[in-house]
Amino acid sequence: MIARRAIVVLAAAILLATALVGVWAANPNEAEATLITIETCDGGAIDLTSDEKQMLDLHNQIRANEGLPLLCVHPVLTEAARAHSQEMLEKDYISHASFDGEAILDRLERFGYSFGDYSYGAYAENIGWAMGQKGASDSMFRYWMESPDHNVNILDKKFLEVGVGIQAGSGSEGTAHTVDFGTRL
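So in numbering that gives the first Met the number 0 the end of the sequence shown lands on 184, straight run, no missing numbers.
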C-alpha cells in the first residue's frame, strides 16, 4: 500500500514537472509572450509587448497632461527601435549610433522611415539600458523625464509618430530601451 502510494505521488510529481517544463519552454519570458494589439498611425495594427505598451502609455499620459498631441505608433519606427535595442543588448554597448557607426537618420531610413516627398520632417531618439528594476519601463521613463536631453524629446509637440523597442536580456544583461520619434509634414 505504501509502495503504491509512493508510485502515485512520484507519477504525479513527474507529470507536474513535465507540465511546468512545457509551460516554461513555451513561455520562457512572460513579457515577450504578452502582446497587446494597438492601432498604428496609418490605421493598421501592431503588436507591442506589455513593456512597450506601458512605455507608449507613459509618453502619451504626460503629453496629454501637457496638452500635447498624443503619439501614434509607426510600424517602421517600431521595427528600427526594436532592432537597435536588440543590437545594443547583443553587442554590449549603448549609443545612438549603430554598432557599425550608422547614424540615427541613416538607420531609420534603412528601415524605411523616410521623409521622401514631405516638405518637413524631424526625428529624435531616447535610449537607455539598465538592470533589474531600473530597467523597467516606468523607471526608465522617470529617468528620461528627469533628464533635460531626453525630456525635450518626450514633450516636443512636433513629434507625432513613435516607435518603441524594449529588449530584455537574460541574467545580468539588463534591458535595452529605444524610443524613436518622428514627424513627416
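For every residue, glycine included, the Cβ atom is placed at its ideal position computed from N, Cα and C.
Out of curiosity, what's the CA-to-CA distance linking C71 and A129?
Reading the sequence shown from its first residue, position 72 is the one you call residue 71. Reading the sequence shown from its first residue, position 130 is the one you call residue 129. Roughly 26 Å between the two C-alpha positions.
Per the contact definition of three or more C-beta pairs closer than 8 Å, is the region 123-141 in contact with the region 53-71?
The answer is yes - the region 123-141 touches the region 53-71, with three or more Cβ pairs under 8 Å.
Restricting to Cα atoms, I'd like to know which of H95, G120, I37 is closest to I126.
Position 127 of the sequence shown, counted from the first residue, corresponds to residue 126. It is H95 whose Cα lies nearest to the Cα of I126.
Tell me where the beta strand (DSSP E) around F110 begins and ends.
To locate residue 110, count along the sequence shown from 1; it is residue 111. Here F110 belongs to no beta strand (DSSP E); instead the alpha helix (DSSP H) covers 103-110.
Who are the Cβ neighbours of L69 in its own chain at under 7 Å, not counting the five residues just before and after it?
Here residue 69 refers to the residue found at position 70 when the sequence shown is read from its first residue. If we look at L69 and ignore the five residues flanking it on each side, its Cβ neighbours are N59, R62, A63.
Let me confirm a value: Q132 is counted as buried when at least 16 other C-beta atoms fall within 10 Å, else exposed. Which label applies?
Looking up residue 132 in the sequence shown gives position 133. Exposed.
CB K157 to CB A121, shorter than 8 Å?
On the sequence shown, residue 157 is found 158 positions in, with the first residue counted as 1. On the sequence shown, residue 121 is found 122 positions in, with the first residue counted as 1. Between K157 and A121, the gap from beta carbon to beta carbon is short of 8 Å.
Take E78 and list the residues in its own chain whose beta-carbon comes closer than 6 Å to its own, dropping the five residues that flank it on each side.
Residue 78 sits at position 79 when you count from the first residue of the sequence shown. Closer than 6 Å at Cβ, skipping near neighbours: F110.
Comparing alpha-carbon positions, which option in A123, M144, K90 lies nearest R106?
As a first step, residue 106 must be located in the sequence shown, where it is residue number 107. The option with the nearest alpha carbon to R106 is A123.
Taking just the CA atoms, how far does Y92 sit from G100?
As a position in the sequence shown, residue 100 is number 101, starting the count at 1. As a position in the sequence shown, residue 92 is number 93, starting the count at 1. Their backbone Cα atoms lie some 12 Å apart in a straight line.
Taking the runs of the beta strand (DSSP E) that are 3 residues or longer, which of them lie wholly in the region 58-83?
none
Leaving out the 5 sequence neighbours to the left and right, which residues in its chain are closer than 6 Å to K90 when beta-carbon positions are compared?
In the sequence shown, residue 90 corresponds to position 91, counting from 1. The beta carbon of K90 sits closer than 6 Å to the beta carbons of F98 from its chain, once the five residues preceding and following it are set aside; these are given in chain order.
Leaving out five residues on either side along the sequence, give the residues of the same chain with a beta carbon under 7 Å from the beta carbon of E65.
Within the sequence shown, the letter at position 66 stands for residue 65. The answer, listed in chain order, is L154.
Can you name, in chain order, every residue of its own chain whose Cβ lies under 7 Å from the Cβ of D41, other than the five neighbours on each side?
The sequence position of residue 41 within the sequence shown is 42, counting from 1. There are no such residues.
Are the beta-carbon atoms of V178 and V151 separated by less than 8 Å?
To locate residue 178, count along the sequence shown from 1; it is residue 179. To locate residue 151, count along the sequence shown from 1; it is residue 152. No, the Cβ-Cβ distance between V178 and V151 is not below 8 Å.
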